[in-house]
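Peer 1: Everything in the sequence shown is counted per the numbering used here, starting at 10 for the first residue and increasing by one.
The following block contains the structure, expressed as structure tokens.
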Amino acid sequence: MLCALLRLGRPRVLYIGRPCTRGLAGEQPAENVRYRDTVLLPQTDFPARVSGEQQTISELQIQEKCGFSELYSWQRERKTKKEFCLHDGPPYANGDPHVGHALNKILKDITNRFQMMRGYKVNYVPGWDCHGLPIELRALADLGEEAQNLSAMDIRQKAKDFAERAIEKQKSAFVRWGVMADWNNCYYTFDKKYEAKQLNVFYKMHEKGYIYRDYKPVFWSPSARTALAEAELEYNQQHTSRAVYTKFSLVKSPPKLAPLTDTSSTSVLVWTTQPWTIPANQAVCYMPEFEYSIVKCLNTGEHYILAADRVELTAVTLGTQFEVISTFKGTDLENGVCAHPTIPERQSPLLPANHVTMAKGTGLVHTAPAHGIEDYSVASLHQLPVDCIVDENGFFTEAAGVDLQNKSVLTEGNETVIQMLQNTKSLLKEELFEHSYPYDWRTKQPVIIRASKQWFVNTASLKTRAQEALKKVKFIPASAGSRMLEMLDRRTYWCISRQRSWGVPIPVFYHKNTGEPLISRHSIEHVIKMVDEHGSDVWWTLPLEQLLPKDVLRQAGSDADPADYSQGHDVLDIWFDSGISWAHVIGDADQTADVYMEGKDQLGGWFQSSLLTSVATRKNAPYGTVVVHGFTLSEKGEKMSKSVGNVVDPDVVINGGQDKTKEPPYGADVLRWWVAESNVFTEVFIGPVVLNSARDDINKLRNTLRFMLGNLANFHPETDSLPTKEMYVLDQYMLHVLQDYTSKVTQAYKEYDFGKVIRLLTTLITRDLSSFYFSIIKDRLYCEEQKSPKRRSCQTVLATGVDILVRSFAPVLPHLAEEVFQHLPYTKESEGVFRTGWIHSSSVWKKPGLEEAIEGACALRDSFLGSIPGKNAVEYDVTVVIEPGLFFELMETLQTEESSSTSQLNELMMSSQTILLSSVPLDLPSDATILKGTFTINLEGGDICEETAYKVIVQPAAKGRCPRCRKYTTTSSLTPCPRCLDAIAGKWST
10 MLCALLRLGR PRVLYIGRPC TRGLAGEQPA ENVRYRDTVL LPQTDFPARV
60 SGEQQTISEL QIQEKCGFSE LYSWQRERKT KKEFCLHDGP PYANGDPHVG
110 HALNKILKDI TNRFQMMRGY KVNYVPGWDC HGLPIELRAL ADLGEEAQNL
160 SAMDIRQKAK DFAERAIEKQ KSAFVRWGVM ADWNNCYYTF DKKYEAKQLN
210 VFYKMHEKGY IYRDYKPVFW SPSARTALAE AELEYNQQHT SRAVYTKFSL
260 VKSPPKLAPL TDTSSTSVLV WTTQPWTIPA NQAVCYMPEF EYSIVKCLNT
310 GEHYILAADR VELTAVTLGT QFEVISTFKG TDLENGVCAH PTIPERQSPL
360 LPANHVTMAK GTGLVHTAPA HGIEDYSVAS LHQLPVDCIV DENGFFTEAA
410 GVDLQNKSVL TEGNETVIQM LQNTKSLLKE ELFEHSYPYD WRTKQPVIIR
460 ASKQWFVNTA SLKTRAQEAL KKVKFIPASA GSRMLEMLDR RTYWCISRQR
510 SWGVPIPVFY HKNTGEPLIS RHSIEHVIKM VDEHGSDVWW TLPLEQLLPK
560 DVLRQAGSDA DPADYSQGHD VLDIWFDSGI SWAHVIGDAD QTADVYMEGK
610 DQLGGWFQSS LLTSVATRKN APYGTVVVHG FTLSEKGEKM SKSVGNVVDP
660 DVVINGGQDK TKEPPYGADV LRWWVAESNV FTEVFIGPVV LNSARDDINK
710 LRNTLRFMLG NLANFHPETD SLPTKEMYVL DQYMLHVLQD YTSKVTQAYK
760 EYDFGKVIRL LTTLITRDLS SFYFSIIKDR LYCEEQKSPK RRSCQTVLAT
810 GVDILVRSFA PVLPHLAEEV FQHLPYTKES EGVFRTGWIH SSSVWKKPGL
860 EEAIEGACAL RDSFLGSIPG KNAVEYDVTV VIEPGLFFEL METLQTEESS
910 STSQLNELMM SSQTILLSSV PLDLPSDATI LKGTFTINLE GGDICEETAY
960 KVIVQPAAKG RCPRCRKYTT TSSLTPCPRC LDAIAGKWST
């Protein structure tokens with residue numbers, strides 16, 4: 010009948026009942042010691058837990074014995090057409106490895122190991138970002154003033170030495186974490202082949218018109234004396250500025266407002282948080298569609314023009330009252346002109362602009378084209394001067410006037426400008442204003458916006474194509490794609506030139522007299538050839554005649570002499586350095602990486618620079634999928650800080666700190682478990698509580714594995730496994746569970762949802778295996794004859810289960826996975842987990858109807874166990890009464906005879922004896938407990954639905970306790986039960 014039933018319906022989610030708590034056969038009292046040797050207790054050397062220090066030793070031994078260092082090369086040599094490319098975003102070579110590195114590298118390694126086990130040839134080349142200011146600053150930090158006298162080549166050599174030391178430290182940590190790669194073949198942005206490739210991409214982009222030189226405002230770091238890209242900024246939310254309300258007196262009324270304004274007493278009212286920019290003012294901007302008002306100040310009688318929506322708040326702020334004289338559209342301000350508040354001979358026109366907002370201020374914006382991005386746009390449209398009066402150090406130049414010259418714009422220069430406004434009676438109020446302000450993410454000092462001649466990528470012309478390419482990319486999580494599209498939409502240009510020594514030079518020559526740049530295919534190709542052979546140091550070490558030979562200059566179309574030129578001193582932005590890594594690692598024009606996987610800060614950094622350079626030169630994105638993870642924080646959700654003392658060092662996590670009681674060693678697998686179980690798509694928390702929990706979870710897993718390994722002693726899968734159709738229904742059901750687990754865990758890996766992998770694994774080992782299956786089969790494993798088909802049936806499941814279990818967590822816990830394989834009792838000279846592929850499961854295990862049979866038995870079991878809380882189930886006999894029908898037939902497949910102490914139904918009930926009846930017996934004893942319930946069977950998607958009433962009758966066991974198996978199944982407590990007698994028959998006489 011079961012065969013017919015198993016062809017019906019779709020499986021449903023099974024509710025698993027509570028575990029049985031009866032004693033095990035191994036717990037023998039003294040009088041029954043003589044039966045101990047006949048009980049088949051687990052046998053394994055696999056430890057249930059390993060001490061922290063021993064764990065670190067064991068992991069290093071496993072890495073050596075199992076060939077972790079050769080694994081990447083081995084899989085690259087396999088004959089398979091399937092390839093999976095995870096392109097490594099290069100970490101910065103400026104310090105020791107930290108938990109952010111651990112989060113990123115371990116996520117990548119889990120991904121790569123899974124894909125490799127699935128049969129893909131993994132392409133993963135680790136890289137490092139090696140140039141830039143942070144490395145330069147760290148390399149020179151101990152030199153003090155001596156660093157000011159170093160040549161460019163001295164700086165470059167010291168920076169390279171520092172970067173190389175940092176790379177070795179980080180690489181050593183990545184290897185210890187078990188990250189699979191060919192660590193002798195990495196990519197470095199200071200490698201000469203890489204630099205040559207970078208210059209080639211630079212020229213391709215220039216040739217297509219995407220790179221140009223211009224004089225325009227850029228973010229500038231006075232503390233580092235270099236231009237910055239937006240990705241190199243961090244915003245201080247508590248920055249305090251000295252904001253001012255100042256007036257610009259009308260010298261020419263707007264024609265439409267002439268009858269309402271008197272130039273002798275009317276001013277436009279402006280608010281700014283950067284008073285130091287006022288000397289560079291060239292205009293005052295308004296929003297054409299907003300409403301503005303002319304107001305009379307009741308304290309002074311002066312007339313002011315400001316936005317209608319800001320009248321009341323501004324009056325309160327200034328401590329006065331305004332009487333509204335007239336209200337009008339912003340367009341009515343057209344052709345008005347104001348006097349500059351600090352420079353008598355200069356005038357500032359009133360101009361329309363769309364960047365004006367009413368969020369704060371007065372609705373009228375002071376405009377200094379050299380010191381504002383939007384201001385520059387206004388200047389470009391109206392042909393205003395873009396004069397920068399601030400030098401590279403952030404000091405006013407001579408052009409600012411003697412009162413301001415050589416003063417820092419962020420400190421005393423700002424104070425002087427405020428004093429100048431006060432002297433001209435233009436200052437109405439000064440206030441401290443706390444707001445978000447950009448800082449140099451390296452020096453942690455505020456930046457300014459300053460116009461200078463720089464090299465730019467015209468992202469405005471690339472934007473549409475880049476966005477279209479990005480829409481074809483899969484983002485995980487999907488919201489990250491929307492954020493990146495928005496970032497691209499706001500980006501108009503990318504400044505790629507930096508004023509440093511440590512970097513790849515922009516290969517441009519400048520005419521000494523005219524300043525005109527020379528950049529041509531011939532000059533670039535010659536420089537690329539030199540760099541490819543000798544590295545970018547040639548830009549500083551070779552004479553100009555070798556960098557720009559006469560024949561190259563002639564080919565470039567110039568009749569000038571090389572001596573008329575000098576090479577430029579700017580280097581490329583490090584985001585350009587790393588952004589072309591696809592060209593070095595991936596290479597082919599049509600090839601893309603399957604995955605880029607980095608932190609969310611790279612949405613404005615490496616993800617963007619990679620996209621823009623790739624789209625500009627080959628019209629497509631360099632990646633098919635982008636996985637974006639969060640940042641690491643302390644357990645309390647705080648940013649890690651040495652001063653606070655909440656920094657978690659991955660080396661200390663693995664090897665322990667100086668005080669092992671406070672900072673115990675956990676080993677690399679605990680670190681990897683922490684990464685996998687975290688919700689990496691938000692912020693990721695780490696600390697002692699989290700790490701202890703991870704260690705405990707792994708120990709629970711070890712206990713499960715130990716039970717499975719121990720009960721596989723003397724079992725050989727090749728010869729002792731039973732065919733599925735000959736197995737117990739419960740064992741078939743567990744294969745069904747393992748098949749379902751395999752499907753779900755594989756899909757979770759494919760979706761990069763490693764947290765789900767851990768949840769599925771935890772559910773399997775705690776609910777399905779330890780609490781349910783193991784508690785049921787212990788009697789069969791321990792007390793049946795060693796080669797009994799009943800015992801071989803569940804051993805077949807254990808062997809299959811341990812293989813599935815280990816392969817499923819191997820990408821997360823590679824050391825533990827290999828350790829388990831070394832303890833398999835039936836495998837000698839194993840190739841290991843990773844060389845033998847992903848989970849091997851069979852669709853045959855997925856049988857409809859299995860769940861209904863086991864679920865029905867578990868419903869009866871739950872009723873029984875629920876009636877004896879805290880008591881031993883084996884002390885009772887159970888009678889199951891079910892009305893004739895489908896449910897009864899299902900239970901008959903588990904117990905063919907009316908009464909049994911060895912049936913499959915009895916095993917599931919965990920009682921000493923189970924009786925299956927269709928009606929309540931007439932001779933029930935008075936101490937019997939009768940429980941009632943109903944069970945509904947749904948098959949064929951609900952087409953077959955049957956609700957059946959049942960009764961479970963519980964009564965104390967009627968027979969004596971077997972001295973061997975401890976079930977109440979014998980006629981004499983001195984003699985084993987019939988089942989046990991069969992098991993020990995022929996071994997010795999009782």
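Ideal placement from N, C-alpha and C gives every residue a C-beta, glycine not left out.
Using alpha carbons as the reference points, say which of T198, Y129, N158 lies closest to I144.
Peer 2: The shortest Cα separation from I144 among T198, Y129, N158 belongs to T198.
Peer 1: Can you find a CB in chain D that lies within less than 7 Å of the CB of A808?
Peer 2: Looking at the structure shown, chain D is missing, and only one protein chain is on hand.
Peer 1: Could you have a look at C986 and say whether DSSP puts it in helix, strand or coil?
Peer 2: Correct three-state label for C986: coil.
Peer 1: Taking only three categories from DSSP, how would you classify F171?
Peer 2: Of the three classes helix, strand and coil, the one that applies to F171 here is helix, per DSSP.
Peer 1: Leaving out five residues on either side along the sequence, give the residues of the same chain with a beta carbon under 6 Å from the beta carbon of L718.
Peer 2: Correct list, in chain order: T53, F55, H832.
Peer 1: How is the beta strand (DSSP E) around D223 delimited, first residue to last?
Peer 2: Start and end: 220 to 230.
Peer 1: Taking contact to mean at least 3 C-beta pairs separated by less than 8 Å, is the segment 68 to 75 in contact with the segment 732 to 745?
Peer 2: Judged by Cβ distances under 8 Å, the segment 68 to 75 makes no contact with the segment 732 to 745, as fewer than three pairs qualify.
Peer 1: Report yes if the C-beta distance between L721 and A625 is below 7 Å; otherwise report no.
Peer 2: In this structure, A625 does not lie closer than 7 Å to L721 by Cβ.
Peer 1: For the beta strand (DSSP E) containing S417, name the first residue and the last one.
Peer 2: Segment: none, S417 is in no beta strand (DSSP E) and carries neither H nor E.
Peer 1: Are L714 and I813 touching if we call contact CB-CB under 7 Å?
Peer 2: No, these two residues do not count as a Cβ contact at 7 Å.
Peer 1: Sort V636, H543, R185 by Cα distance to F763 and report the nearest one.
Peer 2: Cα-wise, what sits closest to F763 is V636.
Peer 1: Who are the Cβ neighbours of S872 in its own chain at under 6 Å, not counting the five residues just before and after it?
Peer 2: The residues are L940, G942, V961.
Peer 1: Looking at C-beta atoms only, is the number of pairs between the segment 752 to 766 and the segment 860 to 880 that lie closer than 8 Å three or more?
Peer 2: Touching, no.
Peer 1: Can you grab the Cα-Cα spacing for the pair H110 / A182, in whole Å?
Peer 2: Spanning the two alpha carbons is a distance of roughly 9 Å.
Peer 1: For R844, which three-state DSSP category applies?
Peer 2: DSSP places R844 in coil when its eight states are reduced to three.
Peer 1: When the Cα atoms are used, what is the spatial distance from V22 to L778?
Peer 2: Only weak support exists for where V22 lies, its pLDDT of 33 falling under 50; the value from the coordinates is given anyway. The straight-line gap from Cα to Cα measures roughly 16 Å.
Peer 1: Checking 7 Å against the spacing of the C-beta atoms, do G98 and E607 come in under that value?
Peer 2: A contact, by the Cβ cut-off of 7 Å.
Peer 1: What three-state label does DSSP hand K265 in the structure shown?
Peer 2: Residue state, collapsed to three classes: helix.
Peer 1: CB-CB under 8 Å to L430, same chain, minus the five flanking residues each way: which ones, in chain order?
Peer 2: The answer, listed in chain order, is V253, T255, P284, I287, P350, T351, L436.
Peer 1: In whole angstroms, what is the alpha-carbon distance linking A489 and A316?
Peer 2: So the alpha carbons of these two residues sit roughly 37 Å apart.
Peer 1: Within 10 angstroms of its Cβ, does C989 collect 16 or more other Cβ (buried), or is it exposed?
Peer 2: C989 comes out buried.
Peer 1: Relative to the C-alpha of N402, which residue among W503, V411, N415 is closest?
Peer 2: For N402, the nearest C-alpha among the options comes from N415.
Peer 1: Could you pull out every residue in the same chain whose Cβ sits closer than 8 Å to the Cβ of Q247, ignoring the five residues on either side in sequence?
Peer 2: If we look at Q247 and ignore the five residues flanking it on each side, its Cβ neighbours are E443.
Peer 1: Quick one: what's got a C-beta closer than 6 Å to D582's C-beta in the same chain, skipping five residues either side?
Peer 2: Counting only Cβ-Cβ distances below 6 Å, and skipping sequence neighbours, we find A238, I505, R507.
Peer 1: Straight-line CA distance for E892 to F781?
Peer 2: Distance between the alpha carbons of E892 and F781: 27 Å.
Peer 1: Exposed or buried, which one is R31 when buried takes at least 16 other CB atoms within 10 Å?
Peer 2: The predicted position of R31 is uncertain, since its pLDDT is 39 and thus under 50; a value taken from the coordinates is nonetheless stated next. So R31 counts as buried.
Peer 1: For Y675 and V656, which I take to be in contact (beta-carbon distance under 8 Å), what is that distance rounded to the nearest angstrom?
Peer 2: Not really, about 16 Å apart at Cβ, beyond 8 Å.
Peer 1: Thinking C-beta only, is A236 closer than 7 Å to W549?
Peer 2: No, the Cβ-Cβ distance between W549 and A236 is not below 7 Å.
Peer 1: Pick helix, strand or coil for S587, following the three-state DSSP scheme.
Peer 2: Helix.
Peer 1: Secondary structure at H444, three-state DSSP: helix, strand or coil?
Peer 2: The answer is strand: DSSP assigns H444 an E or B state.
Peer 1: For the ligand MG, any of its heavy atoms closer than 6 Å to the Cβ of P820?
Peer 2: Ligands displayed in this structure: none; no statement on the ligand MG is therefore possible.
Peer 1: According to DSSP, is Y791 helix, strand or coil?
Peer 2: Y791: helix per DSSP, three-state reduction.
Peer 1: Have a look at A39 and D788 and give me their C-alpha separation to the nearest angstrom.
Peer 2: Summary for A39: the model assigns pLDDT 49, below 50, so the residue's position carries little reliability, and this model does not support an answer.
Peer 1: Output the residue ranges of the beta strand (DSSP E) runs that lie fully inside the segment 652 to 706 and measure 3 residues or longer, sorted by chain position.
Peer 2: For the segment 652 to 706, whole beta strand (DSSP E) runs of length 3 or above, ordered along the chain, are 693 to 695.
Peer 1: Please report the distance separating the alpha-carbon of D105 from that of A172.
Peer 2: In a straight line, the C-alpha of D105 is about 11 Å away from that of A172.
Peer 1: Run through the segment 429 to 505 for me and flag every whole beta strand (DSSP E) of 3 or more residues, listed as ranges in chain order.
Peer 2: Segments of the beta strand (DSSP E) lying fully in the segment 429 to 505: 436 to 449, 457 to 466, 483 to 485.
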